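A.B. asks: Let me begin by handing over the structure; questions about it come next.
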């Protein structure tokens, strides 16, 4: 229907521009002025006439048919943006399955276009349509034109390294990858190598020891802990191979991706808006990229870990420590530990020293949330010019939390910190002071609801900071119940690798508020306890001397860190992940 674009039933390759005079016949064809027309022709789909156009930004086809009731011609308009087209390939016919070797089909008059569309809940759904051209050469021109245009205007992965954690979540990671991800990788002609993790630090050791420069990206199939391990391994590899320091970057980073197969999946929720494996796989093959901040975790000036989501001292750290003594309960021990720690209502003396942004940011429920095309994250800021003065706050805290992302999940649709941004170079430091159980319960309920005013309490203060330090100020316990349970505050169980838990199982499922973990502990030397995670090699360093009831422990991305005194630094957009951000429904 574009004037001058079609001549009878023949197709013509042309390079032109859409103008208002050539598109005024299509009411739904918006924002296409000055787009380059790569190819256009008459086609057929299931007996219906199609007029198709390929531009530098989209693939458009209008299907014309006779309406069965009115008996009048009716045209349905279809419009798919180029960044949503997966591939164009040859077909046998409208209802015939193509062979594995696409070359066997040529010459043919049939080709298909595979693409995705957004559905409810930020999910993407795979679609495809088969077309018939008048001649095989026209068919070939369409396939070649779509492929070359995608290659010209987009950047997509060609080779990936995939780590699969077979014991994470519901132990269905391999099944999820094989049934939902592999077919899409195959369709998009993405090559990949698979590593099934078998031991602690398997993925991290592999990334640090092997040359992964031939890969465009590294994919984690598992939960948040598995991604944290992969991220730490990739960053360690980049530091060693390219002498990269966390304050700057000079090389092209290796992009990371997540196929969710855990229980919480907070990172994928914050980057795609859902925990759907198909959506995650589609955004990987389409080459969507999103920069993310990363926090480095330091103790005594030694860097030993990177964090991507939540760092928490107090209540959420106690849950992990408490749960180690409740292994006999099984998968519900974290729920029980959380209830027990809530009833104890313990608070800890501490001192928080932080450096905020300049000027300081005020966090309120009226602020915009971090979504696709976020202006705050896309605005360049010179970190050296935005460093504020150091400030110190001390007191009794039920918890000290630092949210690098909003920490959305299925049980908290807006997250612990709804207005945290994934790429602004700052974290939300949340200080929850000593208060009553009723007040704290109200706060926890707010987190689980679809609200954004989680901090609208007098006992909570929030600061948007670039780095902070925490130092415990030891004092006597403030609750009689804690004194009565002093015997329970014992050193955490240090079962050696391979020993079974009380219920006779070695790899049992654990459910936490933040992560889904399979854990045992081993003691490699007298100075450190290394946390073993059987879902893929996440580790943390812990001092075996810090078990006093006057201090808590840190929960860093769902892992136990027993050093109470830590230093955290934010590194703006240090990594890139395969994702396109959260879209408005």
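In full-length UniProt numbering, the protein residues as written are 1 to 585.
Think of the CB as a built atom: it goes at the ideal place given N, C-alpha and C, for glycine as much as any other residue.
Remember, predicted model here, so these are calculated numbers, not experimental data.
Which class does residue 219 belong to by DSSP, given the choice of helix, strand or coil?
C.D. replies: In this structure, residue 219 counts as strand in the three-state DSSP scheme.
A.B. asks: Start and end of the alpha helix (DSSP H) containing residue 64?
C.D. replies: From DSSP, residue 64 is part of no alpha helix (DSSP H) but of the beta strand (DSSP E) over 58 to 66.
A.B. asks: Can you give the beta carbon distance from residue 111 to residue 91, rounded, assuming they're within the 8 Å contact cut?
C.D. replies: 6 Å
A.B. asks: Rounded to the nearest angstrom, what separates residue 119 and residue 406 at their Cα positions?
C.D. replies: In a straight line, the C-alpha of residue 119 is about 23 Å away from that of residue 406.
A.B. asks: Mark residue 417 as exposed unless 16 or more other C-beta atoms lie within 10 angstroms of its C-beta, in which case mark it buried.
C.D. replies: buried
A.B. asks: Could you give the DSSP three-state label for residue 389: helix, strand or coil?
C.D. replies: strand
A.B. asks: Would you decide whether residue 121 is buried or exposed? Buried here means 16 or more other CB atoms lie within 10 Å of its CB.
C.D. replies: exposed
A.B. asks: Quick one: give me the first and last residue of the alpha helix (DSSP H) that residue 205 is part of.
C.D. replies: 202 to 209
A.B. asks: Of all the alpha helix (DSSP H) runs that stay within the bounds of the region 119 to 152, which reach a length of 4 or more residues?
C.D. replies: none
A.B. asks: Taking its Cβ as the centre, do 16 or more other Cβ atoms sit within 10 Å of residue 61, making it buried, or is it exposed?
C.D. replies: buried
A.B. asks: Using DSSP with H/G/I as helix, E/B as strand and the rest coil, what is residue 227?
C.D. replies: helix
A.B. asks: Taking all protein chains shown into account, do 16 or more other C-beta atoms lie within 10 angstroms of the C-beta of residue 429, making it buried, or fewer, making it exposed?
C.D. replies: buried
A.B. asks: Excluding the five sequence neighbours on either side, which residues of its own chain have a C-beta within less than 6 Å of the C-beta of residue 273, listed in chain order?
C.D. replies: 122 and 582
A.B. asks: If we ignore side chains and look at the alpha-carbon of each, how far apart do residue 326 and residue 342 end up?
C.D. replies: 16 Å
A.B. asks: Among residues of its own chain, excluding the 5 on either side of residue 303, which ones have a beta-carbon nearer than 6 Å to its beta-carbon?
C.D. replies: Within the same chain, residue 303 has close Cβ partners 296.
A.B. asks: Just to confirm, are residue 233 and residue 281 a CB contact at a threshold of 8 Å?
C.D. replies: no
A.B. asks: Counting only the same chain and skipping the five closest in sequence on each side, list residues whose C-beta sits under 7 Å from that of residue 347.
C.D. replies: 396, 397, 398, 434 and 478
A.B. asks: Less than 8 Å between the C-beta atoms of residue 195 and residue 157, yes or no?
C.D. replies: Cβ atoms of residue 195 and residue 157: not closer than 8 Å.
A.B. asks: Would a C-beta distance cut-off of 8 Å place residue 452 and residue 414 closer than the cut-off?
C.D. replies: The Cβ atoms of residue 452 and residue 414 sit closer than 8 Å to each other.
A.B. asks: Please say whether residue 284 and residue 578 have beta carbons closer to each other than 8 Å?
C.D. replies: yes
A.B. asks: What is the rounded straight-line gap between the Cα of residue 561 and the Cα of residue 419?
C.D. replies: 26 Å
A.B. asks: Quick check on DSSP: helix, strand or coil for residue 567?
C.D. replies: Correct three-state label for residue 567: strand.
A.B. asks: Please report how far the alpha carbon of residue 221 lies from the alpha carbon of residue 422, in whole angstroms.
C.D. replies: 21 Å
A.B. asks: Between the Cα of residue 236 and those of 46, 557, 254 and 113, spot the shortest distance and give me the residue it belongs to.
C.D. replies: 254
A.B. asks: What three-state label does DSSP hand residue 84 in the structure shown?
C.D. replies: In the structure shown, the three-state DSSP call for residue 84 is helix.
A.B. asks: DSSP state of residue 309, grouped into three classes?
C.D. replies: coil
A.B. asks: Residues in its own chain within less than 7 Å of residue 268 by CB, not counting five upstream and five downstream?
C.D. replies: 258, 260, 275 and 280
A.B. asks: Along the chain, where does the alpha helix (DSSP H) that runs through residue 414 open and close?
C.D. replies: Where residue 414 is concerned, there is no enclosing alpha helix (DSSP H), given that its DSSP letter is neither H nor E.
A.B. asks: Taking the alpha carbon of residue 553 as the reference point, which residue from 64, 314 and 137 has its own alpha carbon closest?
C.D. replies: 314
A.B. asks: Does DSSP put residue 442 in a helix, in a strand, or in coil?
C.D. replies: helix
A.B. asks: Taking DSSP as the reference, what is the three-state secondary structure of residue 282?
C.D. replies: In this structure, residue 282 counts as helix in the three-state DSSP scheme.
A.B. asks: What residue range is occupied by the uninterrupted alpha helix (DSSP H) comprising residue 317?
C.D. replies: Unbroken alpha helix (DSSP H) run through residue 317: 315 to 323.
A.B. asks: Is DSSP giving residue 420 helix, strand or coil here?
C.D. replies: coil
A.B. asks: Spatial neighbours of residue 249 within its chain, please: C-beta separation below 6 Å, excluding the five flanking residues on both sides.
C.D. replies: Because the pLDDT at residue 249 is just 49, under 50, the model does not fix this residue reliably, and the value given afterwards should be weighed accordingly. Around residue 249: no qualifying Cβ.
A.B. asks: Which word fits residue 141, buried or exposed, when buried means at least 16 other C-beta atoms lie within 10 angstroms of its C-beta?
C.D. replies: buried
A.B. asks: So, with DSSP's three-state summary, where would you put residue 335?
C.D. replies: For residue 335, the three-state secondary structure derived from DSSP is helix.
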